[in-house]
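Asks:
Number of protein chains: 2
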Amino acid sequence: MNYLDNVKIVLVETSHTGNMGSAARAMKTMGLTHLCLVNPVIKPDSQSISLAAGASDIIKQAQIFSSLEEAIADCRLVIGTSARPRSLQWPNLTPKECGDKIIQEASNSDAKVALVFGRERVGLTNEELQKCHYHVGIPANPAYSSLNLAMSVQVLCYEIRMSMLNLSSVLTEPEADIDSIEFPKDEDIERFYQHLEQTLLKTEFINANHPGQIMGRLRRLFTRARIEQHELNILRGILTSVDKKL
Amino acid sequence: MNYLDNVKIVLVETSHTGNMGSAARAMKTMGLTHLCLVNPVIKPDSQSISLAAGASDIIKQAQIFSSLEEAIADCRLVIGTSARPRSLQWPNLTPKECGDKIIQEASNSDAKVALVFGRERVGLTNEELQKCHYHVGIPANPAYSSLNLAMSVQVLCYEIRMSMLNLSSVLTEPEADIDSIEFPKDEDIERFYQHLEQTLLKTEFINANHPGQIMGRLRRLFTRARIEQHELNILRGILTSVDKKL
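Sequence order for the protein chains is F and C. Position 192, counted from 1, in the first sequence is what the working numbering calls 192; the numbers after and before it change by one each time, with no gaps. Every position in the second sequence, counted from 1, becomes a number in the working numbering once 1000 is added.
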C-alpha cells in the first residue's frame, strides 16, 4: 500500500486562489493527494483549478469541512504548523522529525494522519494548535521568516516523502513498540472531553456560568500525553463510575 | 562568520519575472543572500523587485553574468540541479547530501560554492551540467515531477540551512520556555496518585480486592505528559469535588 494515502493535508481558511493551487501542486510533486479545506475563504473554483495546473485533480477531489474538528475526526495523529517560537510549551518537531512521525504512523495500519496549515497571514489560532499532538516549524531565517503557504507545504511534504523513501528503501521493520499501540480517533477523544465536562459540571468543579480555563487546560494535558485507546477506556470508565455514584 | 555568505545561488536564463522574485524570497527565508543571474531573459526590473516583496534587496544586489562559466569562476564547488534521472553517470547527490556538501565546503575557508538552477522548462544543458562537480535532484513523484523553479530553490536552500544549523547545533539549543514552566515535586505527584486511588476506590472503579493494573496505567499516562504544577492543582481539585459529592 502507499502510506501517503493515509496522510491528509489540511488547509484552514485559505484566502487566496493562487495559494490553494500552488499548495495542491506542491503536494502532488511529493506524491500526496488528500487535500482537506476547512472554511476556505475562496471556494475551489475554476480559477484555482486552472492555477493548480497539472494538480487540478487534487483541488477537484478536495474535501471541504466547516471546522478543523470535522476535518481531523478520523485522524489518530494531528500535527499543526506554527511559525511562532516554542512559546506554547508544546511538543515541537523539526520538519524531518515531522516527516518521520507521519510516515511511522501512516505505515502502521489504516490510521489517518493530518498535517494542518493555518491562514496565510495569521496561521492557526491557539485553540486550533491545542488540538494538535505536535507542532512543527520550519527553522527559517529569523530576519525574514515568512515562507508563504505553498512553500511551507512544499518543504513539509518533501520531508514526508523523504521519510517514506527512506522507509521503503531501508525496509526496516517498524518499531515494534509503537506498532502495537492503538490510538483513538479524534472524535472519540472529543466524546471523552464532553463526558468529562458534563461530569465536572455535576461535581460542581466547573461552574456552568464561569467555566474558566479548566477544560482548555485539561485538553492541553491529555493532548500532550497523546492518550492511547486503553487509557481512554480507563478514563471513560472512571467518569462513568463517578456518574453512577452521584 | 556566516557560512551561508559563501554560497551563491545561480539561476540560468530565468524567463519569468515572478519566478525570479519567488526564488529570491525562498533564498532569503533560508538565510541565503547571494544571487547570480546568468543571461536572464527578463532583467531584474521594478516588477521583479516588487514581486520579491521583502526580498527585493536580494534582487537589487544580484550579479549578472553572460555565461555560467563567469558566474562560477571563483567557486571551488559547483553543484547543478537536474530533474532527469541519473542518466549522465555523474556523481549524484540527494538534497540532504547536497546541503551537507555545500556547508562542509563553505565552512572550510572563504571558498565560494555555487548551486546552479536551469531554465524553467528545460533545465540546464548537458554542457552546463558537465561543468558541475555534482548533480542534485529532488526525488519527486514520478507521475508529476515538475517542481517549479522557486519550489526547487526553496527545498534545496532549506537543506542547506538545515546542514548549517546542524553544524552549528543551533537546532539543539535548549528550549527557552521550558525554564519558565513550574513542575511539581515528585512527592506532590505521589500524593495526587494516593488521592486518585482513594477516590477511585470510593467510586468502586477500583475493586480493593482486585485492583489490577489501573493505577499503573494512569501513572504511565500522567508521567508521559509530565504534569505541570497548575495542572496538578486542577486534578487535585477535581478529586476533591468528587469526594465532596459522594
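For each residue, glycine too, the CB sits at the ideal point set by N, CA and C.
Just to confirm my understanding: we take F:G31, look at its own chain, exclude 5 residues before and 5 after, and list those with CB closer than 7 Å. What are they?
Replies: L4, R161
Asks: Starting from C:V1242, trace the alpha helix (DSSP H) both ways and give me its first and last residue.
Replies: 1229 to 1245
Asks: Since C:K1028 meets chain F, which of its residues come closer than 7 Å, beta carbon to beta carbon?
Replies: Near C:K1028 (Cβ distances below 7 Å), the residues of chain F are N141, Y144.
Asks: Here's the rule: buried if 16 or more other CB atoms are within 10 angstroms of the residue's CB, otherwise exposed. What is F:I181?
Replies: exposed
Asks: Can you give, in chain order, each stretch of the alpha helix (DSSP H) that sits fully within the segment 53 to 109 of chain F and has at least 4 residues?
Replies: 56 to 60, 68 to 71, 95 to 106
Asks: Identify every residue that forms a DSSP beta bridge with C:R1119.
Replies: C:R1119 pairs with C:G1123.
Asks: Measuring straight from C-alpha to C-alpha, what distance separates C:R1220 and F:A150?
Replies: 40 Å
Asks: Looking at the structure shown, is F:Y193 part of a helix, part of a strand, or coil, going by DSSP?
Replies: helix
Asks: List, in chain order, every chain D residue whose beta-carbon is nearer than 7 Å to that of F:S15.
Replies: This model lacks chain D altogether, as its protein chains are F and C.
Asks: State the beta-bridge partners of F:K112 as determined by DSSP.
Replies: F:C75
Asks: Do three or more CB pairs link the segment 19 to 34 of chain F to the segment 134 to 150 of chain F at distances below 8 Å?
Replies: yes
Asks: Once the 5 residues before and after F:L101 are set aside, which same chain residues still bring their CB inside 8 Å of it?
Replies: The sequence shown places Lys at residue 101 of chain F, not Leu. L77, I79, L93, Y134, listed in sequence order.
Asks: For F:E193 and F:M215, what's the separation of their Cα atoms in angstroms?
Replies: One detail in the question is off: residue 193 of chain F reads as Tyr in this sequence, not Glu. Rounded to the nearest angstrom, the two C-alpha atoms are 8 Å apart.
Asks: Leaving out the 5 sequence neighbours to the left and right, which residues in its chain are closer than 6 Å to C:S1046 when beta-carbon positions are compared?
Replies: none
Asks: Find the nearest neighbour of F:K60 within the set F:C75, F:E105, F:N2, F:K43, judged by alpha-carbon distance.
Replies: F:K43
Asks: Please list, in chain order, the chain F residues whose beta carbon lies closer than 8 Å to that of C:T1203.
Replies: I238, S241, V242, K244, K245
Asks: By how many angstroms is the C-alpha of C:N1126 removed from the C-alpha of C:L1037?
Replies: 19 Å
Asks: Does the separation of the CB atoms of F:L115 and F:L165 fall below 8 Å?
Replies: Not closer than 8 Å, so no.
Asks: In chain F, which residues lie with their C-beta within 9 Å of the C-beta of C:E1231?
Replies: Simply R217, L218, R220, L221.
Asks: For chain F, check one thing: does any of its Cβ atoms lie closer than 8 Å to the Cβ of C:Y1134?
Replies: no
Asks: What is the DSSP secondary structure of C:N1141, reduced to helix, strand or coil?
Replies: coil
Asks: Rounded to whole angstroms, what is the Cα-Cα separation between C:P1174 and C:R1224?
Replies: The pLDDT assigned to C:P1174 is 44, lower than 50, so where the model puts this residue is not dependable, and the model offers no usable value.
Asks: What residue does the beta strand (DSSP E) around C:V1007 start on, and which one ends it?
Replies: 1007 to 1012
Asks: May I ask whether a heavy atom of the ligand NAD can be found less than 7 Å away from the beta carbon of F:R226?
Replies: Questions concerning the ligand NAD fall outside what the structure shown contains, since it holds no ligand whatsoever.
Asks: Does F:L129 have its Cβ less than 8 Å from a Cβ in chain C?
Replies: no
Asks: How should C:N1209 be labelled, buried or exposed, when 16 other C-beta atoms within 10 angstroms of its C-beta is the threshold for buried?
Replies: exposed
Asks: List the residues that DSSP assigns as beta-bridge partners of C:C1036.
Replies: C:V1010, C:Q1063
Asks: What does a CB cutoff of less than 6 Å around C:W1090 pick up in its chain, not counting 5 residues either side in sequence?
Replies: Taking C:W1090 as the centre and dropping the five residues before and after it, the same chain places the C-beta of H1135 closer than 6 Å to its C-beta, in chain order.
Asks: Whose CA, out of C:C1132, C:F1117, C:L1068, C:T1014, lies closest to the CA of C:S1048?
Replies: If you compare the alpha carbons of C:C1132, C:F1117, C:L1068, C:T1014 with that of C:S1048, the shortest gap goes to C:T1014.
Asks: Quick test of your reading: F:T81 and F:S152, contact by CB under 8 Å. State the CB separation rounded to the nearest angstrom.
Replies: 6 Å
Asks: For my contact list, F:D74 and F:K112 are in at a C-beta cut-off of 8 Å; report their separation, rounded to the angstrom.
Replies: With 8 Å as the limit, F:D74 and F:K112 qualify as a contact, their Cβ atoms being about 5 Å apart.
Asks: In or out: F:L246 buried (at least 16 other Cβ within 10 Å) or exposed?
Replies: exposed
Asks: Could you tell me which residues DSSP puts in a beta bridge with F:H133?
Replies: According to DSSP, which records beta bridges pairwise, F:H133 is partnered with nothing at all.
Asks: Looking at chain F, is there any beta carbon in it that lies within less than 8 Å of the beta carbon of C:A1225?
Replies: yes
Asks: Is F:Y158 close to chain C? Criterion is C-beta to C-beta, closer than 8 Å.
Replies: yes
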